[in-house]
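Input: a single structure, listed below in structure tokens.
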Amino acid sequence: MKALASPFVAAALVMGLLAPPAIAQNTDAENQLDAVIKNGKLRVCTTGDYKPFTFHDKPADNYQGIDIDLAKSLASSLGVEAEFVATTWKKLLADFTTGKCDIAMGGISVTLERQKQVFFSEPYLVNGKAPIARCEDEAKFQSIADIDKPDVTVIVNPGGTNEKFVREKFSDAKIEIYPDNVTIFRQILDGKADVMIAESVETELQEKLHPGLCAINPEKPLQYGEMGYMLPEGAVVFKAYVDQWLHLAKATGEFDRIYASHIK
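Here it is as structure tokens:
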């Protein structure tokens, strides 16, 4: 009987009668694209506090930004509506991995730590961390060594890659955690902090929004970085769709038009 069992099993595998357990995959993740279309909505986790990528206008109760417009474009390509799900940088991974949304968008840095738990789309923007400070202090904060001094206060929003970068790179500077990523730049103008570290594109925008603040060498950031869209781990088909949509958005000029409309 043993001699007959092996050829039978092999034949059954070839014919598809038995599924080899070693290649079993997450069925829910595999069907993510179909689920989004069937549900009629694309649930988008976003923090709403990160101009120019995502901003929640609370009085009007609507979302604005580069990635908000791109989320609507992605949803439209699927024939569904975009539904924005509020999260924070500290809760982003937990909210996403527990299934509160189908995709996360809004200036999210691609990191190896995040990659352990999720898939990422192809990067849509090469970016990096850069300082922003009062313009009169611009010459003082040209490097990490210039900033990392006991008499310098670095202010940072909690839970994201900005805080991670600051804690890894600065050992002597005073680090102040400030919970509101929208009003944090005002703290520098008011003299309550000296420097903020953020993505270079954000520092350039905040320079325009806050006269008196200067983005410091945003064209030569302190760290290389990429931004992408967070997708469920194992959602191979969904990732392929998002990557192709993103490719076409860039090839047709849609991405550039949306980007330019928010960087003024």
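Letter by letter, the sequence shown follows residues -24 to -1, 1 to 240 in mature numbering (1 follows the signal peptide of the UniProt record, and there is no 0).
We put the beta carbon where it would ideally sit given N, CA and C, even for glycine.
All of these numbers come straight from a predicted model, not from anything done at the bench.
On the criterion of 16 or more Cβ atoms from any shown chain inside 10 Å, does residue i qualify as buried, or is it exposed?
i      : result
LYS27  : buried
THR30  : buried
ARG233 : exposed
LEU189 : buried
ILE13  : exposed
ARG110 : buried
SER52  : exposed
ALA169 : buried
SER147 : exposed
LYS215 : buried
What residue from the options has the CA that sits closest to residue i's CA?
i      : options                          : result
HIS223 : PRO99, LEU88 and GLU57           : PRO99
LYS240 : GLY229, LEU198 and GLN182        : GLN182
TYR217 : GLU152, ASP25 and LEU54          : LEU54
VAL94  : GLU112, ALA115, ASP71 and GLN163 : ASP71
ILE173 : LYS226, THR22, ASN15 and ASP124  : ASP124
VAL128 : LYS67, PHE96, ASP113 and LYS140  : ASP113
Roughly how many angstroms lie between the CA atoms of residue i and residue j, to the nearest whole one?
i      : j      : result
THR63  : LYS196 : 30 Å
VAL212 : LEU9   : 9 Å
LYS32  : ILE120 : It is worth fixing the name first, because residue 32 is His in this sequence and not Lys. Taking the straight line from one Cα to the other gives about 32 Å.
ASP122 : ASN193 : 13 Å
GLU175 : SER85  : 9 Å
GLU230 : GLU89  : 31 Å
ASN38  : SER49  : 16 Å
PRO126 : TYR154 : 19 Å
ARG19  : GLN40  : 16 Å
ASN7   : LYS76  : 16 Å
ALA149 : ASN157 : 20 Å
Taking the DSSP output, what are the residues bridged to residue i?
i     : result
SER85 : MET203
PHE96 : MET206
PHE29 : In the DSSP output, where bridge partners are listed per residue, PHE29 has none listed.
ARG19 : GLU59
**Report entry** Touching by the beta-carbon criterion (3+ pairs, under 8 Å), the stretch 201 to 210 and the stretch 102 to 122
**Finding:** yes
Query raised in the report: Would you call the stretch 29 to 47 and the stretch 129 to 139 touching, i.e. three or more CB-CB distances under 8 Å?
Result: no
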